[in-house]
Amino acid sequence: METNKIVVVLACVLVVIGVIGVCEGDRREGGLRRNFYKDTCPNAEQIVKDLTEKRVSERPNLPAKLLRLHFHDCFVRGCDGSVLLNSTAENSAERDALFNKGLEGFDVIDEIKAEMEAQCPGVVSCADILALAARDAVSSAFDGPLWQVLAGRRDGTVSRKEEVSANIPSPFFNLDQLKQNFAAKKLSVHDLIVLSGAHTIGRAHCNLFSKRVFNFSGNGDEDPSLNSDYAEFLKSECRGLNDVTTTVEMDPGSSTTFDTGYYSALLQNEGLFTSDAALLTDDHSRMTITHLVREHEFLREFAKSMQKLAAVEVLTGQDGQIRTVCGLVNS
Ligand code: HEM
Ligand SMILES: *[C@@H]1O[C@H](CO)[C@@H](O)[C@H](O)[C@H]1NC(C)=O
Ligand SMILES: *[C@@H]1O[C@H](CO)[C@@H](O)[C@H](O)[C@H]1NC(C)=O
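Listed below in structure tokens is the structure:
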């Protein structure tokens, strides 16, 4: 009898410890954890935040640059910092691919990494720095972080220019192509629509949408799915079909404000790319957009989908390495 009681009590104690362990064991996603650097580099997240906010205050376009850089990192070989590697004599790296033209913010990541190496050498990955900096840059206009970034990513050692166009979605994609592209990263249509809201900040080059306004079906016409006033405006901004230098705001009038302007624009047929307008081409995704146009819905959904994006095919544990310099594989 007595031993039975003891066994029951012991079992209960173990269950309680187990439950506490699960609650405390910091939320995990694909092997990533909260407070990953708590013991090894307690200031890591603060270092990223301070330097990022300092640079954002000088460069209002930096949030857009870092957010896109993070996305392009995650969609090619997972969020492993491969987009940050420089080309070498033997290898052309991702950042030199056509689809990655216009990526910026590498210098800020390098600067943060240098500070990190000074304080905790060999501990904090470039992939984590990029994920944190993108979050902190976009959040800098808000009271607190817009989404949680779990850490523990390790850096990849491979970056190939020729892998970019097969993985980064094209602005000329239709909805089916976009769905497939996201599904390949285990992201849903919902994630696609929510994450496309990132286009509420930043700018785009004319040649990526100029066919829609100058020569849609080959006889000098406009894309009928595009608001005609907006098409006239875009024509006046771009020099012509082959203008590869002019850029326009993707969310006209509020391209440095992280708001729901992207979805309001979409609903007025003012989605800039074919891939933006494509989100209106089925009833279900149109419904999602009418939902996301409410700010608190958008911010809540964006936080969820960003966590999924930031966990795509991550290297953890003993995989990969912690680069010393983000542009170079350790020698
Ligand atoms: C859904 C498929 C997507 C397509 C086809 C797409 C395509 C593009 C293109 C063509 C540009 C313009 C680049 C330029 O002209 O310099 C751009 C800009 C941008 N994209 Fe996307 N994108 C997609 C999804 C995303 C996602 C998921 C994010 C982040 C979560 C994102 C963040 C951005 C940002 C912030 C910019 C502005 C960059 C800047 O101002 O330099 N995009 N995107
Ligand atoms: C418009 O497209 C058609 C068909 O592709 C082409 O023949 C024509 O030259 C284009 N117009 C311009 C101004 O480039
Ligand atoms: C990588 O290339 C950029 C641009 O050419 C350069 O500014 C940077 O110093 C390079 N980084 C490394 C580590 O070589």
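FYI, in mature numbering (1 follows the signal peptide of the UniProt record, and there is no 0) the residues of the sequence shown are -25 to -1, 1 to 306.
Glycine included, C-beta positions come from ideal geometry on N, C-alpha and C.
Just so you know, these numbers come straight off a predicted model, no measurement behind them.
Considering only residues of the same chain and omitting the five flanking positions on each side of residue i, which have a CB-CB separation below 7 Å?
i	result
residue 23	87, 104, 107, 108 and 111
residue 292	6
Is the Cβ-Cβ distance between residue i and residue j less than 9 Å?
i	j	result
residue 307	residue 91	Residue 307 is absent from the model: the chain starts at -25 and stops at 306.
residue 81	residue 44	yes
residue 97	residue 288	no
residue 302	residue 59	yes
residue 131	residue 57	yes
residue 170	residue 162	yes
residue 135	residue 295	no
residue 184	residue 146	yes
residue 8	residue 125	yes
residue 252	residue 123	no
residue 67	residue 137	yes
Report the option in the options whose CA atom is closest to the CA atom of residue i.
i	options	result
residue 119	274, 157 and 289	274
residue 189	172, 214 and 165	214
residue 85	74, 102 and 77	102
residue 38	51, 113 and 186	113
residue 290	36, 49 and 33	49
residue 284	164, 148 and 75	164
residue 121	9, 271 and 262	271
residue 140	182, 268, 76 and 221	76
residue 83	125, 203 and 32	32
residue 35	306, 231 and 252	231
residue 269	234, 152, 89 and 208	234
residue 220	181, 186 and 199	181
Assign residue i to buried or exposed, taking buried as 16 or more other Cβ atoms, counted over all protein chains shown, within 10 Å of its Cβ.
i	result
residue 307	An answer regarding residue 307 cannot be provided, because it is not within the stretch -25 to 306 covered by the chain.
residue 217	exposed
residue 69	buried
residue 276	buried
residue 13	exposed
residue 259	exposed
residue 127	buried
residue 267	buried
residue 250	buried
residue 72	buried
residue 172	buried
Between residue i and the rest of its own chain, which residues show a CB-CB distance below 6 Å, the 5 nearest in sequence each way excluded?
i	result
residue 225	174, 177, 179 and 247
residue 197	188, 191 and 206
residue -1	Because the pLDDT of residue -1 is 40, which lies under 50, any placement of that residue in the model is unreliable, and the question is left without a value.
residue 115	28 and 31
Output needed for residue i: all residues of its chain with C-beta closer than 8 Å, excluding positions within five of it in sequence on either side, in chain order.
i	result
residue 264	168, 238, 241, 242, 254 and 255
residue 323	Outside the modelled stretch of the chain, which goes from -25 to 306, sits residue 323, for which no answer is possible.
residue 166	157, 280, 283 and 284
residue 202	243, 244 and 245
residue 148	156, 249, 250 and 253
residue 55	48, 102, 128, 129, 130, 131, 288, 289, 290 and 295
- Message: Which residues neighbour ligand 3 when neighbourhood means a C-beta less than 6 Å away from any of its non-hydrogen atoms? List them by chain order.
- Response: 61, 300, 302 and 303
- Query: Quick one, what's near ligand 1 if you take every residue whose CB is closer than 5 Å to any heavy atom, in chain order?
  - Reply: 39, 42, 43, 46, 77, 144, 146, 170, 171, 173, 177, 178, 179, 180, 183 and 250
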